[in-house]
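Each remark here refers to the structure printed beneath this line.
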Amino acid sequence: MTEGLRRPAHQGERAGGNVCASGSCGTVISASMAEIPPLWTFNHPMAGGGASYDGTNHVAILTQPAINQVGTIVYKHPIVADTMTAAFQMRIKWSPMDMSMAHADGMGFMLIKADGEANLDTAISTMAGSTLGMTMVRATGSATTLTGYGVEFDTYESVYMNPNGLCGEPKGVGEHINIDSLDLCPDAPGSNLPTSLTTMPVKGYKLSDGNWHQVAVRLAQGTLSVWFDPANPADLSAQPPVLAAPLPNFHAGDAYYLAFSGATGSAFEEHAIRNVTITFDTPHCL
Numbered sequence: 099m100t101e102g103l104r105r106p107a108h109q110g111e112r113a114g115g116n117v118c119a120s121g122s123c124g125t126v127i128s129a130s131m132a133e134i135p136p137l138w139t140f141n142h143p144m145a146g147g148g149a150s151y152d153g154t155n156h157v158a159i160l161t162q163p164a165i166n167q168v169g170t171i172v173y174k175h176p177i178v179a180d181t182m183t184a185a186f187q188m189r190i191k192w193s194p195m196d197m198s199m200a201h202a203d204g205m206g207f208m209l210i211k212a213d214g215e216a217n218l219d220t221a222i223s224t225m226a227g228s229t230l231g232m233t234m235v236r237a238t239g240s241a242t243t244l245t246g247y248g249v250e251f252d253t254y255e256s257v258y259m260n261p262n263g264l265c266g267e268p269k270g271v272g273e274h275i276n277i278d279s280l281d282l283c284p285d286a287p288g289s290n291l292p293t294s295l296t297t298m299p300v301k302g303y304k305l306s307d308g309n310w311h312q313v314a315v316r317l318a319q320g321t322l323s324v325w326f327d328p329a330n331p332a333d334l335s336a337q338p339p340v341l342a343a344p345l346p347n348f349h350a351g352d353a354y355y356l357a358f359s360g361a362t363g364s365a366f367e368e369h370a371i372r373n374v375t376i377t378f379d380t381p382h383c384l
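Here the sequence shown is numbered in the numbering used here, starting from 99 and rising by one per residue.
Written out as structure tokens, the structure reads:
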């Protein structure tokens, strides 16, 4: 089985009555990371760091545990976003031997709007740290900041840039899950944080314990929902999501690039993913 697609492409296949430019249609995108997935682009800054493939342990690395890193892994083709479920395993780990008790910053899953810019599979944030790689996202060689939506898995309380706990950052709590737009939060623009789309992020989950965690993100009827370590990943309907939010200005039928991001600052941790499966309710151009 080819990493990146559940089944091979067939030239001229149709989805919804349209011929797929990519030559492939189907209902599942799959990347177990048993091998480097050819349909995903691993992005890192020119200065180094960022996303890479660990062929020894068969995982995709968004950032190494080192300072001021940012990385993205982006599916190469735009996807019409209407109803879909993204399931993946994520791991955030750090060692007290590497630093003080501080570690940062977190990672995210993104839907980046296909706005006509070239090379959008090379999209990466121009800043590390508190962005989580989810704001100030640009394609290589472009000055256009991209828009979209995302789910953040934040491990750091950004009090020094955001002392009032704005932008969905709970005061006194580092680790939390939230649903955002990729726009810079206008309430604290100097913090580089994304704009929260919820009134209260989810607290109480240990994200950076070095263990693999199962995540599911469901897009349906313009609402994004998140499950973290669901009891039955095969039947999400049997359990409520930990968080859900309607997406402002979302229009079913618009195309998006699916992506993962991670970032570190002066404190750091490793961010990794594996066993990515994105399932659509109907055939799509993939």
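Just so it is clear, CB atoms sit at the ideal spot from N, CA and C, and this is done for glycine as well.
### Task
Report the residue from Pro346, Val249 and Cys283 whose alpha carbon sits nearest the alpha carbon of methionine 188.
Val249
### Query
Where glycine 204 and glycine 124 are concerned, what is the direct C-alpha to C-alpha distance, given to the nearest angstrom?
Our two residues, glycine 204 and glycine 124, have alpha carbons roughly 32 angstroms apart in a direct line.
#### Entry: Euclidean distance between Cα positions of threonine 220 and tyrosine 355
Spanning the two alpha carbons is a distance of roughly 10 angstroms.
### Task
Quick one: give me the first and last residue of the beta strand (DSSP E) that glycine 204 is part of.
Following the DSSP letters along the chain, one finds glycine 204 inside the beta strand (DSSP E) bounded by residues 204 to 211.
### Task
Compute the Euclidean distance between the alpha carbons of threonine 253 and aspartate 180, then round it to the nearest angstrom.
30 angstroms
### Task
Return the bridge partner residues of glutamine 312 from the DSSP annotation.
Gln187
### Message
Just to confirm my understanding: we take proline 390, look at its own chain, exclude 5 residues before and 5 after, and list those with CB closer than 7 angstroms. What are they?
### Response
Residue 390 lies beyond the stretch modelled for the chain, which goes from 99 to 384, so this question has no answer here.
### Message
Only counting the same chain, and skipping five residues up and downstream in sequence, which positions put a Cβ closer than 6 angstroms to that of histidine 175?
### Response
Ser120
### Task
Report yes if the C-beta distance between aspartate 371 and leucine 160 is below 8 angstroms; otherwise report no.
Reading off the sequence shown, one finds isoleucine at residue 371, where the question assumed aspartate. Yes, they are a contact pair.
### Message
From the DSSP secondary-structure annotation, give me the bridge partner or partners of isoleucine 127.
### Response
Ile376
### Query
What do you reckon, are the CB atoms on aspartate 278 and methionine 232 nearer than 8 angstroms?
yes
### Among Ile127, Ile177, Gly147 and Pro268, the one whose alpha carbon lies nearest that of serine 359
Gly147
### Query
How many Å lie between histidine 142 and glycine 363 at the Cα?
15 angstroms
### Message
Tell me the DSSP secondary structure of leucine 280 in three-state form.
### Response
Under the three-state reduction of DSSP, leucine 280 is assigned to strand.
### Query
So who's on the other strand from asparagine 141, going by DSSP bridges?
Thr170
#### Entry: glycine 227, DSSP secondary structure in three states
Here glycine 227 sits in helix by DSSP.
### Message
Determine whether the beta carbon atoms of threonine 245 and lysine 269 lie at a separation below 8 angstroms.
### Response
No.
### Query
To which residues does DSSP link isoleucine 222 through a beta bridge?
Paired residue(s): Arg236.
### Query
Since valine 374 and alanine 145 are thought to touch, with beta carbons under 8 angstroms apart, how far apart are those beta carbons, to the nearest angstrom?
Actually they are not in contact, since the Cβ atoms of valine 374 and alanine 145 sit about 27 angstroms apart, beyond 8 angstroms.
### Task
Would you kindly work out how many angstroms separate the C-alpha atoms of lysine 301 and leucine 282, rounded to a whole number?
22 angstroms
### Task
Answer yes or no: do isoleucine 275 and valine 315 have a C-beta to C-beta separation smaller than 8 angstroms?
no
### Message
My assumption, with CB atoms under 8 angstroms, is that lysine 191 sits in contact with glycine 308. Please give the rounded CB distance.
### Response
4 angstroms
### Query
Looking at valine 172 and threonine 139, is the spacing between their C-beta atoms short of 8 angstroms?
yes
### Message
Assuming valine 249 is part of the beta strand (DSSP E), what are its boundary residues?
### Response
In the DSSP annotation of this structure, the continuous segment of the beta strand (DSSP E) that includes valine 249 starts and ends at 246 to 252.
### Message
On a Cα-Cα basis, can you pick out the residue from His156, Val117, Ala241 and Pro339 that is closest to threonine 224?
### Response
Ranking the options by Cα distance to threonine 224, first place goes to Ala241.
### Query
Just reading off the beta strand (DSSP E) that leucine 291 is part of, what are its end residues?
Per DSSP, leucine 291 belongs to no beta strand (DSSP E) and is neither H nor E.
### Query
Roughly how many angstroms lie between the CA atoms of alanine 397 and phenylalanine 366, to the nearest whole one?
In the structure as shown, the chain starts at 99 and stops at 384, and residue 397 therefore has no counterpart that could be examined.
#### Entry: Distance between proline 163 and glutamate 58 (C-alpha atoms, nearest Å)
Residue coverage of the chain in this structure runs from 99 to 384, which leaves residue 58 outside it and unanswerable.
### Task
Reducing DSSP to helix, strand and coil, say where serine 335 ends up.
helix
### Query
Per DSSP, what kind of secondary structure is proline 346 in: helix, strand or coil?
coil
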